[in-house]
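Structure record follows, encoded as structure tokens.
In this note's numbering, the protein residues as written are 3 to 495.
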């Protein structure tokens with residue numbers, strides 16, 4: 003058995019290598035986070051590489067968005083297409099000449115070969131294999147490996163389409179130490195002669211990845227367990243090129259509530275999986291990072307709140323889980339609520355303004371007054387707030403009057419009449435004065451406080467729960483409260 007020995011530990015260099023075919027997903031962020039933490043803890047470097055070989059699906063806007071999202075989360079790369087670095091270019095489509103050099107090396111050493119089989123021929127071969135063997139683990143037959151040099155040159159001369167395949171060693175056992183899972187074994191006969199270079203001249207993922215990781219001096223690769231099969235292929239490729247591989251660690255996949263692999267179509271979480279979605283809902287970057295840190299990693303203590311600096315200090319590879327981690331929105335909301343409580347008034351107001359600033363308030367003359375008012379009504383909901391977009395629904399009654407009819411007892415009509423009169427007589431519209439009026443009306447009419455407060459809240463807001471009633475009345479403003487008492491459609495029971 004061949005034991006794969008990685009590079010000796012020197013400078014720690016990790017990388018995050020997304021494909022710009024969509025917005026940044028929480029799974030990608032978690033991978034980036036673990037690589038970032040490990041690099042920074044060891045005074046190393048964190049690299050962002052853009053793997054843009056899917057020419058049909060790549061979009062430049064996704065490149066810019068994912069970089070901006072990483073910065074927003076605090077995970078700034080040391081090298082990327084946006085910074086200078088001595089190991090670039092950091093975009094795969096700008097490295098095609100580099101890949102060609104190593105393709106030529108493998109061809110010259112008879113470790114790779116031309117394959118002229120058309121997609122139709124391969125489909126027929128796969129179908130025949132399936133029918134004859136009643137199995138689905140088809141591997142390419144190596145038909146083109148049997149071509150003579152003369153036949154190969156003739157096909158090339160006549161410009162017949164081809165791909166380049168790696169010649170996998172026969173009947174060879176391999177072993178490597180996974181940083182998360184321990185010793186992993188695989189056999190060469192379980193790996194087909196996979197494609198290195200496609201018909202369009204673009205390298206296959208595994209080939210480009212190996213060349214880039216080696217030339218960029220990547221020392222450790224932390225990625226999802228779905229890449230385990232790719233790691234086997236890549237280690238065979240490292241051997242073919244005569245290179246020492248990096249250390250590999252395969253982190254757990256993220257699961258849904260049913261303990262199945264998280265899907266973008268999961269009904270419960272489909273709108274909570276992209277960083278762009280979470281940002282649009284008003285989640286804080288610190289909360290997202292803290293939550294994802296503990297989604298598949300355990301610190302070995304009961305500590306749950308980690309700043310990024312604390313995470314860098316405490317992160318250990320030994321804390322990474324091999325078993326799947328469930329994406330729990332309630333826990334994410336708990337973290338975000340914790341971080342919302344830590345915001346100062348100014349920061350809190352800035353976030354709230356993003357969601358309520360466009361609302362129209364007739365009685366406020368200036369934007370300064372409106373900003374102060376928005377801050378005050380939002381602050382009322384701060385203790386219960388999971389994310390800032392919730393303010394839109396929570397504060398609805400401050401911006402629009404309730405429309406429903408209310409059926410009340412005759413004595414309750416008298417309560418409301420007295421309350422209106424006393425509120426209108428207030429010289430100073432202050433919370434404490436409003437509290438006194440509510441208490442006074444309650445006592446003078448021997449009204450049960452709970453019933454009285456519920457009645458007033460229903461009349462003014464159309465709801466039966468919310469922040470402390472005196473604060474709600476105060477922020478509605480004296481004139482608006484009077485208008486709502488006047489226009490409410492009251493029917494006696």
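Backbone N, C-alpha and C define an ideal beta-carbon position, used for all residues, glycine too.
In the structure shown, residue 119 falls within a coil segment according to DSSP collapsed to helix, strand and coil. Under the DSSP definition of a beta bridge, residue 327 partners with 256. Shown here, residue 173 sits in coil according to DSSP, grouped into three states, outside any helix or strand. Counted as a single uninterrupted DSSP element, the beta strand (DSSP E) harbouring residue 409 occupies residues 408-410. Under the Cβ criterion (8 angstroms, minimum of three pairs), the segment 373-390 does not count as touching the segment 432-444. Counting only runs of 4+ residues, the alpha helix (DSSP H) found wholly inside the segment 31-83 occupies 62-75, in chain order. DSSP places residue 187 in no alpha helix (DSSP H) but in the uninterrupted beta strand (DSSP E) bounded by 184-189.
Using a Cβ distance threshold of 8 angstroms, residue 277 and residue 100 do not count as a contacting pair.
DSSP places residue 345 outside both helix and strand once states are collapsed to three, so it counts as coil.
Distance from the CA of residue 38 to the CA of residue 105, rounded to the nearest whole angstrom, comes to 31 angstroms.
In the structure shown, the three-state DSSP call for residue 222 is strand. Collapsing the DSSP output to three states places residue 166 in a strand. The beta carbon of residue 19 is closer than 6 angstroms to those of 51 and 53 in its chain, skipping five residues each way along the sequence.
Each residue's CA atom was taken as its position, placing residue 86 and residue 243 some 28 angstroms apart.
Here residue 279 has 273 as same chain residues with Cβ atoms under 7 angstroms from its own Cβ, once five neighbours each way along the sequence are excluded.
DSSP places residue 299 in the strand class (E or B) of the three-state scheme. By the neighbour-count definition (other C-beta atoms within 10 Å, threshold 16), residue 207 is a buried residue.
By the Cβ neighbour-count rule, residue 357 is buried, with 16 or more other Cβ atoms within 10 Å of its own.
Within the DSSP secondary-structure output, residue 87 pairs in no beta bridge. Contact check for residue 68 against residue 35 fails: the beta carbons are separated by 8 angstroms or more. For the 8 angstroms CB-CB criterion, residue 83 and residue 97 do not form a contact.
The beta carbon of residue 337 sits closer than 7 angstroms to those of 289, 292 and 293, all from its chain and outside the five residues before and after it, given in chain order.
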